[in-house]
Amino acid sequence: MGADADASPGAAPGGGPAREQSREVARITAFSDGVFAIAITLLALPLALPRGDGVEVWGELQRLGPSFRSFCISFVVIGAYWIGHRGIFLLVERSDRRLLWLNLLLLFFIVLLPFTTSLVGEHGDQRIAVAVYALSVAGAGFAAVGLAAYALGGRRLSSSAVDEGEVRLAVWRNLVTALVFVASLALLPLGTTVVELSWLSVIVAWWLVRRRHARVRAA
Amino acid sequence: MTIDSDAPPGTGPDGGEQTRDQSKEVARIAAFSDGVFAIAITLLALELGIPRDTGVDVWTAVGQQHATFSAFLISFSAVGVYWAAHHRLFSVIERYDERLIWLNLIMLLFIVLTPFTTSLIGEHGGAMAAVTLYTLAIAAVGCSMTGMAAYALRGGRLGGRHMSDRMRRHYIWRGLKIAAVFLGPLVLLPLGANVIELTWLVLIVLEQVVAYRVVRAGET
Chain A
17 MGADADASPG AAPGGGPARE QSREVARITA FSDGVFAIAI TLLALPLALP RGDGVEVWGE
77 LQRLGPSFRS FCISFVVIGA YWIGHRGIFL LVERSDRRLL WLNLLLLFFI VLLPFTTSLV
137 GEHGDQRIAV AVYALSVAGA GFAAVGLAAY ALGGRRLSSS AVDEGEVRLA VWRNLVTALV
197 FVASLALLPL GTTVVELSWL SVIVAWWLVR RRHARVRAA
Chain B
908 MTIDSDAPPG TGPDGGEQTR DQSKEVARIA AFSDGVFAIA ITLLALELGI PRDTGVDVWT
968 AVGQQHATFS AFLISFSAVG VYWAAHHRLF SVIERYDERL IWLNLIMLLF IVLTPFTTSL
1028 IGEHGGAMAA VTLYTLAIAA VGCSMTGMAA YALRGGRLGG RHMSDRMRRH YIWRGLKIAA
1088 VFLGPLVLLP LGANVIELTW LVLIVLEQVV AYRVVRAGET
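Line by line, the protein sequences are chains A and B. Under our numbering, the residue at position 61 of the first sequence is numbered 77, and the numbers go up by one with no gaps. Under our numbering, the residue at position 169 of the second sequence is numbered 1076, and the numbers go up by one with no gaps.
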């Protein structure tokens, strides 16, 4: 934020096409928000008890424990990616075909998450399930960083640079999320539980990024 | 979660631009939340259905599934009432910061869980664990909504600076009031799920009437 008034789309020279461009960007964010919202809601679908009478409810609920854990992790991850997406698009003023495709690439990984989340929830003891999940989370993060680099690098689709406050924070957070999940795969030989626990360190990573961001801002 | 607050918004060098951006971003947060509410309330209907095979007529089959249908009705009302309260709350929020977004996401987490907990009482309404879990999950939405409202409106932090104290209290406590509508009847648990569900429906309507009167009195 903090873009100089000139840079605002409405005030750009030749208001007509600029306004059209900003409407185009608004449409991309609205579409993306819809996808994010649906994906984050579908995360809960694997949470289900067997139907029929005579089901021992409390016991079945305990059996859902791993699914519930993966639901919570993915909810926070998608939430954070949504915040990151918002942060990046704060500065995007124009769109082009490549931006659309990069955005779709990000959404591809977001849409995959309800599936990979149910994989970890139900087969969390299998390495392949854990690896696929970690890669799908990391894929979304790298796609978001790629999107930011394309749109804001060299001010291609924006009049402001990546290093502006909230956007910088968003990009860094996306990057560390991706890195944490990729790095967690190195722990696979120690067992899937270790890998799953290591994912919690993403919260520490976010906290560090935010602290650094606050310090840079204060300086 | 990283929910320490951003530098206070609206303090940027170019006030006007900042404010416009802020309200656009608040609208985007509200729109995203609307999307989650809308999908969750629609998924509630997935549970509805009657067995394909049986020779019984539709009316009897629906009768046999009455627990599923009443669970749907209650959750639809609950999510609807929460959405309306959320909608009103966001109409007075003018600025945002990251903590608000996270508090909002926590509330949405419990909204997202409602289709699951609804299927719990629809299928296994007889089990105490099912009814208790359902109640806690629904009440958690209200509690987190009050938390978010208190954060946003106390001292006019993110909006409602010119609001009367009475209205501010109403906006802040509204979520908890809806939560109480669900938590209170839990004492009737020994009487069975049907009694609790009926009480919920009556109380939801009453709470709506009371809230409507408060808002009307505040506006005149």
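In this text, a Cβ means the ideal position worked out from N, Cα and C, and glycines have one as well.
| Item | Value |
| --- | --- |
| Short CB-CB distance (under 8 Å) between Ala914 (chain B) and chain A | Since pLDDT at Ala914 (chain B) reaches only 41, below the 50 mark, its modelled position is unreliable, and the value read off the structure follows with that caveat. Interface residue, yes. |
| Residue from B:Glu1114, B:Leu953, B:Leu1098, B:Ala937 whose Cα sits closest to the Cα of Ala978 (chain B) | B:Leu953 |
| Where the alpha helix (DSSP H) containing Met852 (chain B) begins and where it ends | Missing from the structure shown is residue 852 (chain B); chain B here goes from 908 to 1127 and no further. |
| Chain B contact for Leu216 (chain A) (CB, 8 Å cutoff) | no |
| Listed by chain order, chain B residues near Phe91 (chain A) by CB distance under 9 Å | Leu1012, Leu1015, Leu1016, Val1019 |
| Contacts of Leu1093 (chain B) in chain A (Cβ-Cβ under 8 Å) | Near Leu1093 (chain B) there are no residues of chain A at all, since even the closest Cβ is about 16 Å away, more than 8 Å. |
| Own chain residues within Cβ distance below 6 Å of Gly1082 (chain B), not counting five before or after | Gly1049, Met1052, Thr1053 |
| Backbone CA spacing between Gly1033 (chain B) and Glu180 (chain A) [nearest angstrom] | 56 Å |
| Members of the region 99-118 of chain A near chain B, C-beta cut-off 7 Å | Ile99, Arg102 |
| Chain B contact for Phe74 (chain A) (CB, 8 Å cutoff) | Phe is not the amino acid found at residue 74 (chain A); the sequence shown has Trp there. Chain B contact via Cβ: present. |
| Three or more C-beta pairs below 8 Å linking the region 1024-1032 of chain B and the region 63-76 of chain A | yes |
| Min CB distance Ala154 (chain A) to chain B below 8 Å | no |
| DSSP three-state assignment for Gly1066 (chain B), whether helix, strand or coil | strand |
| Limits of the unbroken alpha helix (DSSP H) element including Val73 (chain A) | 73-79 |
| Segment contact flag, the region 1070-1088 of chain B with the region 987-997 of chain B, C-beta cutoff 8 Å, min 3 pairs | yes |
| Close beta carbons around Val51 (chain A), own chain, < 7 Å, minus the five adjacent residues each side | Leu123, Ile126, Val127 |
| 8 Å contact criterion, which Leu63 (chain A) and Phe84 (chain A) should meet: CB distance rounded | 7 Å |
| Any chain A beta carbon closer than 8 Å to Phe1023 (chain B) | yes |
| For Ile1079 (chain B), the residue or residues it bridges with in DSSP | None; Ile1079 (chain B) has no bridge partner. |
| Limits of the unbroken alpha helix (DSSP H) element including Leu1006 (chain B) | Before going on, a small fix: residue 1006 (chain B) reads as Arg here, not Leu. Taken as a continuous stretch (DSSP letters only), the alpha helix (DSSP H) holding Arg1006 (chain B) covers 1005-1031. |
| Where Ile1085 (chain B) falls: helix, strand or coil (DSSP) | helix |
| Rounded C-alpha distance that separates Asp1004 (chain B) from Ala34 (chain A) | 28 Å |
| Assigned exposure category for Leu185 (chain A) - 16 Cβ within 10 Å defines buried | buried |
| Leu1090 (chain B) and Thr1106 (chain B) closer than 8 Å at C-beta | no |
| Contact check, Val148 (chain A) vs Thr193 (chain A), beta carbons under 8 Å | no |
| Beta-carbon proximity list for Asp965 (chain B), same chain, < 8 Å, skipping 5 on both sides | Checking the displayed sequence, the identity of residue 965 (chain B) turns out to be Val instead of Asp. So the qualifying residues of the chain are Ile957. |
| Chain-ordered residues of the region 948-960 of chain B with a beta carbon less than 8 Å from chain A | Leu950 |
| Leu1108 (chain B) (DSSP reduced to helix, strand or coil) | helix |
| Supposed close pair Thr57 (chain A), Leu950 (chain B) - CB separation, criterion 8 Å | 7 Å |
| Cβ pair count under 8 Å reaching 3, the region 134-145 of chain A against the region 160-168 of chain A | no |
| Below-8 Å beta-carbon distance, Val943 (chain B) vs any chain A residue | yes |
| Any C-beta of chain B under 8 Å from that of Ile56 (chain A) | yes |
| Neighbour list for Ala159 (chain A) in chain B, Cβ cutoff strictly below 7 Å | Ordered by position in chain B, no residue passes the 7 Å Cβ test against Ala159 (chain A), which lies about 19 Å from the chain. |
| DSSP-derived helix/strand/coil call for Ile957 (chain B) | coil |
| Proximal residues of chain B, C-beta to C-beta of Gly207 (chain A) below 7 Å | By Cβ distance, chain B contributes nothing, its closest Cβ being about 26 Å from Gly207 (chain A), past 7 Å. |
| Nearest neighbour of His994 (chain B), chosen from B:Ala937, B:Val1102, B:Tyr1119 [CA to CA] | B:Ala937 |
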